[in-house]
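First comes the structure, then the notes that go with it.
Protein chains: 2
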Amino acid sequence: MVLLDDRKKRILQAIIDDYIDTAEPVGSRTIARKHELGLSSATIRNEMADLEEMGYLAQPHTSAGRIPSDKGYRLYVDQLMKVHQLTPEETESIKSALEIKISEIGQLIRQASSIISRVTKYTSMAITPNLKKSTLKTIQVIPIEPGKQLVIVVTNNNVVRNCLVRTPVSVVPDYTVRISNILNEKLNGLTIEQVTANLINEIEDEIGVENDVLMPILEGVSDCIKQVDSPEVYLDGMTNIFNFPEFRRDIRRARDFLNILDEKYIMHKLLDTRKITKEIDIKIGEENEFEEIKECSLVTATYKIGDSLVGSLGVIGPTRMEYSKVVSSLDFIRKQISKEIRKLLEGETRK
Amino acid sequence: MVLLDDRKKRILQAIIDDYIDTAEPVGSRTIARKHELGLSSATIRNEMADLEEMGYLAQPHTSAGRIPSDKGYRLYVDQLMKVHQLTPEETESIKSALEIKISEIGQLIRQASSIISRVTKYTSMAITPNLKKSTLKTIQVIPIEPGKQLVIVVTNNNVVRNCLVRTPVSVVPDYTVRISNILNEKLNGLTIEQVTANLINEIEDEIGVENDVLMPILEGVSDCIKQVDSPEVYLDGMTNIFNFPEFRRDIRRARDFLNILDEKYIMHKLLDTRKITKEIDIKIGEENEFEEIKECSLVTATYKIGDSLVGSLGVIGPTRMEYSKVVSSLDFIRKQISKEIRKLLEGETRK
DNA sequence: TGTTAGCACTCTGCTTTATCGAGTGCTAAT
DNA sequence: ATTAGCACTCGATAAAGCAGAGTGCTAACA
């Protein structure tokens, strides 16, 4: 690949900056006027022709200005754009939003998603961390009333799930204590993924004399485990897309966009932490896997606590996105989330 | 008010039926052709002029057909429309959708919302029942690890909430049992709304020797109570509006519509069961409280179990709505929900 | 007296045509 | 290498023309 000389880069940067700002194809005159490059429009015109030939720009039609191509954006985010500084108000509002509700990890993430869409003005999405590697800390069966027991499971990251089960009426309270003890003994310290259906069956076989009591309780346990193991997706600011002319002009695009956000499994895939290797990952247009968002860009950030606890959140919008601002915001909130989760686990007193 | 003679009613019905179907202003010829009224278009034309003068119809402009006014729709839903029969497939799919996941009341409602939007093809919304009148059945404090206790609250409708709290490390497990007992003694049988901040404070004063332990736990309790007391709203099929030409033509309308769905407090108000007196309630266009949906209709159904447990769900869409089908669907699901919740409480074995 | 056929008139939506202007690419001069 | 100048392109917008659906009115009819 031919390298771009410095001047071409500066011009490309100016064009993209402008296009991100206006959503209109940008012409040579505009660049010559707005940005102080000390060049005439004719020179810029020539350079633009070059840049187009190299694939960084495209022309909607002859006699229109240029718009960046995906390749252009790629170069832009990799080398050209300048780092955006969040205002003190922005950092402050992010911080305080995350400090309020710290009783549960899911709430924290939901809150993070909400604040990120407010700060960036795009649509945000977040997924709760994958907890397959977390371990079981406490399992408890509590009698609620004759014939109803509450099964409670707590993991080492203090994620709590519960499940109400029915048992024969005859169960005496003491018995639940015994079962709790056995379950703790058997399962404590195991990771979520280690507790397979098989393992549950084994336990059932082993102590399965009074089967009609144990069975529903074990079912309750595996139900809780399943709950722990199903990450939740939060979405915010979906209607923000109506702020962008590219969506406003073309209702079909708006609809497709919103439809895809409705598809839970796609959201899961987009935020799948196994696929995101970098702390901040940017997917531009065609780089996206799903047809319906090939005219959008997706910026995702992963947060990480220790080795096992990783999750991600991101922003989706038109390829003409304020990458710079989005990246800074996500990076900041990423760190902030890690910090807050640590607090949550270590056990700071709540605010 | 002048009463409509039978023929006028039949014509009005035909017009509205047609308009609901096509979304196009309907002319006299169309009615004469499609519906077998044994009248010429000229006669119908005269009648239409009358109906317009009476306020049941409106004309977008001279030389266009007529469209129903809100008043027209009102008459239609009150007297004219014929009862819609759900197909066996529809009733079956509703039933089975509600039978699968019956471990928690919230899930049931969420599921109901989802299925109703699928059946009706409109946007659906549902709110979990108001639980102010439910009573506390069990309160339990479980030690998780030194310095961390789990507070669990269960109501008589088997709604479970929990909250993790930090306490000084020194707490011995036995102590949590003692506190659980005291809390049960004090709070058991009280309704959610009876447990005020004052009451909590009283308890704190009464047994508040080791304040630094008791306080966080009591806070946890009131946190749980607060959770029980905050109904959740579920939304589904938001993007269904893109199926309707009135929204597709006018992107602003689509945006306003979606924006309003984003406002949690408005959703709460729309579904507020105190305001909905009838089992099936229809609000047409201007009858709606909120400016932004004055061109929409809202059909809500309330479900009820015993005296205290009431909630509602509904459908929102263009005033040109298939009222007949929506009403039948909602009525059916309404009854189905009541039935399932009863099951849930009575304690049938799960499927 | 209620119904209907006929007709002139209205108004929208669509297509066609004309015009404007932003922006380009090329050439020739600096 | 840069730039001024110019002819050319093409979309966007406005104006004009046309077709069709629907109305209201009048007059004839049963």
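Protein chains in written order, with this note's numbering: chain A, 32 to 382; chain B, 32 to 382. No residue lacks a Cβ here, since even glycine has one placed at the ideal position from N, Cα and C. On a predicted model such as this, the values are computed, not experimentally measured, just so you know.
**OP:** Note down, one range per segment and in chain order, each alpha helix (DSSP H) of at least 4 residues found wholly within the region 44 to 89 of chain A.
**Re:** 59 to 65 and 72 to 85
**OP:** Specify the secondary structure class of residue 262(A) as computed by DSSP and reduced to three states.
**Re:** Taking the first residue of the first sequence as 1, we reach residue 262(A) at position 231. Coil at residue 262(A), not helix or strand.
Original post:
Going by beta carbon distance, what residues of the same chain come within less than 6 Å of residue 380(A), once the five residues before and after it are set aside?
Top reply: To locate residue 380(A), count along the first sequence from 1; it is residue 349. With a pLDDT of 39 at residue 380(A), under the threshold of 50, the modelled position of that residue is not reliable, and no figure is offered here.
**OP:** Could you name each continuous beta strand (DSSP E) segment of 3 residues or more that falls completely within the region 167 to 209 of chain B, going from the start of the chain to the end?
**Re:** 167 to 176, 179 to 186 and 191 to 197
Original post:
Since residue 330(B) is in the beta strand (DSSP E), which residue starts that stretch and which ends it?
Top reply: Residue mapping note: residue 330(B) aligns to position 299 of the second sequence, counting from 1. Run containing residue 330(B): 327 to 336, per the beta strand (DSSP E) assignment.
Subject >> DSSP three-state assignment for residue 147(A), whether helix, strand or coil >> reply: As a position in the first sequence, residue 147(A) is number 116, starting the count at 1. Correct three-state label for residue 147(A): helix.
Subject >> Residue from 101(A), 157(A) and 90(A) whose Cα sits closest to the Cα of residue 365(A) >> reply: Within the first sequence, the letter at position 334 stands for residue 365(A). Taking only the C-alpha atoms, the option nearest residue 365(A) is 157(A).
Original post:
What's the C-alpha gap between residue 265(B) and residue 147(B)?
Top reply: Counted from its first residue, the second sequence places residue 265(B) at position 234. Counted from its first residue, the second sequence places residue 147(B) at position 116. Going from the Cα of residue 265(B) to the Cα of residue 147(B) covers about 12 Å.
Original post:
With 16 other CB atoms within 10 Å as the buried threshold, where does residue 61(B) fall?
Top reply: In the second sequence, residue 61(B) corresponds to position 30, counting from 1. Result: buried.
**OP:** In the DSSP assignment, find the alpha helix (DSSP H) that holds residue 124(B) and state where it starts and stops.
**Re:** Counting from one through the second sequence, the residue named residue 124(B) turns up at place 93. It spans 119 to 131 - the alpha helix (DSSP H) in which residue 124(B) sits, taken as one unbroken run.
**OP:** For residue 96(A), write down the residues that DSSP places opposite it in a beta bridge.
**Re:** What you label residue 96(A) is simply residue 65 of the first sequence in a count that begins at 1. Residue 96(A) is not bridged to any residue.
Original post:
Looking at the C-beta of residue 347(A), does it have a partner C-beta in chain B at a distance below 8 Å?
Top reply: Locating residue 347(A) in the first sequence gives position 316, counting from the first residue. Answer no: the Cβ-Cβ gap between residue 347(A) and chain B never drops below 8 Å.
Subject >> As assigned by DSSP and simplified to three states, the class of residue 314(A) >> reply: Here residue 314(A) corresponds to residue number 283 of the first sequence, with the count starting at 1. In this structure, residue 314(A) counts as strand in the three-state DSSP scheme.
**OP:** Measure the alpha-carbon distance for residue 262(B) versus residue 173(A) and round it to whole angstroms.
**Re:** As a first step, residue 262(B) is located in the second sequence; it is residue number 231 there, counting from the start. As a first step, residue 173(A) is located in the first sequence; it is residue number 142 there, counting from the start. Cα to Cα, residue 262(B) sits roughly 25 Å from residue 173(A).
Subject >> Within chain A, the residues that residue 168(B) reaches when beta carbons sit closer than 8 Å >> reply: On the second sequence, position 137 is the one that residue 168(B) refers to. Within 8 Å Cβ-Cβ: 175 and 176.
**OP:** Could you say if the region 149 to 163 of chain B and the region 347 to 365 of chain B meet the contact criterion of at least three C-beta pairs nearer than 8 Å?
**Re:** yes
Original post:
Closest Cβ-Cβ distance between residue 297(B) and chain A: below 8 Å?
Top reply: Indexing the second sequence from 1 puts residue 297(B) at position 266. Not an interface residue.
**OP:** Round the Cβ separation of residue 182(B) and residue 193(B) to the nearest angstrom and send it over; I've been treating them as touching at under 8 Å.
**Re:** Here residue 182(B) corresponds to residue number 151 of the second sequence, with the count starting at 1. Here residue 193(B) corresponds to residue number 162 of the second sequence, with the count starting at 1. With 8 Å as the limit, residue 182(B) and residue 193(B) qualify as a contact, their Cβ atoms being about 6 Å apart.
Original post:
Closest Cβ-Cβ distance between residue 110(A) and chain B: below 8 Å?
Top reply: Locating residue 110(A) in the first sequence gives position 79, counting from the first residue. No - not a single Cβ of chain B is within 8 Å of the one on residue 110(A).
Subject >> CB contact check: residue 171(B) to chain A, cutoff 8 Å >> reply: For the purposes of this step, residue 171(B) is identified with residue 140 of the second sequence, where counting begins at 1. Cβ-Cβ to chain A under 8 Å: yes for residue 171(B).
Original post:
Taking Cβ positions only, does residue 151(A) come closer than 8 Å to chain B?
Top reply: Working through the first sequence from its first residue, we reach residue 151(A) at position 120. Not an interface residue.
Original post:
residue 273(A) touches chain B at which residues, Cβ-Cβ below 9 Å?
Top reply: Numbered from 1 along the first sequence, position 242 holds the residue referred to as residue 273(A). Result: 282, 283, 285, 286, 289 and 290.
Original post:
Can you tell me where the alpha helix (DSSP H) with residue 369(B) in it begins and where it stops?
Top reply: Against the second sequence, residue 369(B) aligns to sequence position 338. Per DSSP, residue 369(B) belongs to the alpha helix (DSSP H) from 354 to 377.
**OP:** Could you tell me the boundaries of the beta strand (DSSP E) in which residue 103(B) lies?
**Re:** Reading the second sequence from its first residue, position 72 is the one you call residue 103(B). Careful: residue 103(B) lies outside any beta strand (DSSP E), inside the alpha helix (DSSP H) at 101 to 106.
Original post:
Opposite residue 347(A) in the DSSP bridges: which residues?
Top reply: The residue you call residue 347(A) lines up with position 316 of the first sequence. Answer is 154(A) and 329(A).
**OP:** Tell me whether residue 247(A) is buried or exposed, calling it buried when 16 or more other Cβ atoms sit within 10 Å of its Cβ.
**Re:** Along the first sequence, read from residue 1 onward, the residue named residue 247(A) stands at position 216. Classification of residue 247(A): buried, given that the 10 Å Cβ count is 16 or more.
Original post:
What is the DSSP secondary structure of residue 244(B), counted as helix, strand or coil?
Top reply: Translated into positions along the second sequence, residue 244(B) becomes position 213. Three-state DSSP puts residue 244(B) in a helix.
Original post:
From this set, 331(A), 39(A) and 310(A), which residue's C-alpha is nearest residue 85(A)'s C-alpha?
Top reply: Reading the first sequence from its first residue, position 54 is the one you call residue 85(A). Checking every option, the nearest Cα to that of residue 85(A) belongs to 39(A).
Original post:
Thinking C-beta only, is residue 88(A) closer than 8 Å to residue 98(A)?
Top reply: If you number the first sequence from 1, residue 98(A) lands on position 67. If you number the first sequence from 1, residue 88(A) lands on position 57. Yes, these two residues count as a Cβ contact at 8 Å.
Subject >> Given residue 54(A) as reference, the closest of 274(A), 42(A) and 176(A) once Cα atoms are compared >> reply: In the first sequence, residue 54(A) corresponds to position 23, counting from 1. The option with the nearest alpha carbon to residue 54(A) is 274(A).
**OP:** Between the Cα of residue 325(A) and those of 90(A), 343(A) and 291(A), spot the shortest distance and give me the residue it belongs to.
**Re:** To locate residue 325(A), count along the first sequence from 1; it is residue 294. The candidate whose alpha carbon is nearest that of residue 325(A) is 291(A).
Original post:
Hey, how far is the Cα of residue 93(B) from the Cα of residue 113(B)?
Top reply: As a first step, residue 93(B) is located in the second sequence; it is residue number 62 there, counting from the start. As a first step, residue 113(B) is located in the second sequence; it is residue number 82 there, counting from the start. Going by the C-alpha atoms only, they are around 31 Å apart.
Original post:
Using 8 Å as the limit for Cβ to Cβ distance, is residue 194(A) near chain B?
Top reply: On the first sequence, residue 194(A) is found 163 positions in, with the first residue counted as 1. By this cut-off, residue 194(A) is an interface position.
Original post:
Hey, is residue 185(B)'s beta-carbon within less than 8 Å of any beta-carbon in chain A?
Top reply: Start at 1 with the first residue of the second sequence, and residue 185(B) comes out as number 154. Taking Cβ atoms only, chain A reaches closer than 8 Å to residue 185(B), which makes this a yes.
Original post:
Can you name, in chain order, every residue of its own chain whose Cβ lies under 7 Å from the Cβ of residue 214(B), other than the five neighbours on each side?
Top reply: Position 183 of the second sequence holds residue 214(B). Cβ neighbours of residue 214(B) beyond the five flanking positions: 170 and 252.
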